[in-house]
Every structure is written in C-alpha cells, then in structure tokens.
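J.:
In this note's numbering, the protein residues as written are 1 to 76.
Below, the structure is given as structure tokens:
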C-alpha cells in the first residue's frame, strides 16, 4: 500500500483486509474513517522496523494501523 499521497490532517476511510485466523474462515473488518496523522516505522533496537500509519479517532485519541493490513484508502 502506497501512502505517499495521503495528506496529514485529512480524513480517510481505511479499508482493512479480512483477518485470517489459523483455523476457520476469514473475519471481515469494518472500514475505519480516521484523520491521517502520519507514517510511523516501529521496531525494536537492532531489528527491522515495520511500517504503520498513525490515525486519530473523532475524540482525538490516536492509534496505529499496520500498513500491510490496509487494502485501500479513500478520501472522505
């Protein structure tokens, strides 16, 4: 997923790939409409980092979405 065109402060709908448990059918995940805060690379010292996007809920609290779980993004 290329996030280079996302603009900080704008609201987007992030469509998340279905969760695939070890056993059973994939579980659909609801799209999340959030304000884009920015890209983040998270990793332990000496280990490869993993790309995330930091997003904000309507109440201002922030959380991370792993880049490899996002299937598409739409400007809201």
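Ideal Cβ placement from N, Cα and C applies to all residues, glycine included.
Among 69, 48 and 63, which has the Cα closest to the Cα of residue 34?
T.: Counting from one through the chain shown, the residue named residue 34 turns up at place 34. Nearest to residue 34 by alpha-carbon distance, out of 69, 48 and 63, is 63.
J.: Taking 8 Å as the cut-off, decide whether the C-beta atoms of residue 3 and residue 48 are in contact.
T.: For the purposes of this step, residue 3 is identified with residue 3 of the chain shown, where counting begins at 1. For the purposes of this step, residue 48 is identified with residue 48 of the chain shown, where counting begins at 1. Not closer than 8 Å, so no.
J.: Does residue 67 come out as helix, strand or coil in the three-state DSSP assignment?
T.: Residue 67 sits at position 67 when you count from the first residue of the chain shown. Correct three-state label for residue 67: helix.
J.: Please report the straight-line C-alpha distance between residue 14 and residue 53, rounded to a whole angstrom.
T.: By one-based count along the chain shown, residue 14 stands at place 14. By one-based count along the chain shown, residue 53 stands at place 53. Rounded to the nearest whole angstrom, the C-alpha separation of residue 14 and residue 53 is 10 Å.
J.: So residue 73 and residue 56 are supposed to be a Cβ contact under 8 Å. How far apart are they, rounded?
T.: Against the chain shown, residue 73 aligns to sequence position 73. Against the chain shown, residue 56 aligns to sequence position 56. Rounded, the Cβ-Cβ distance is 15 Å, inconsistent with contact.
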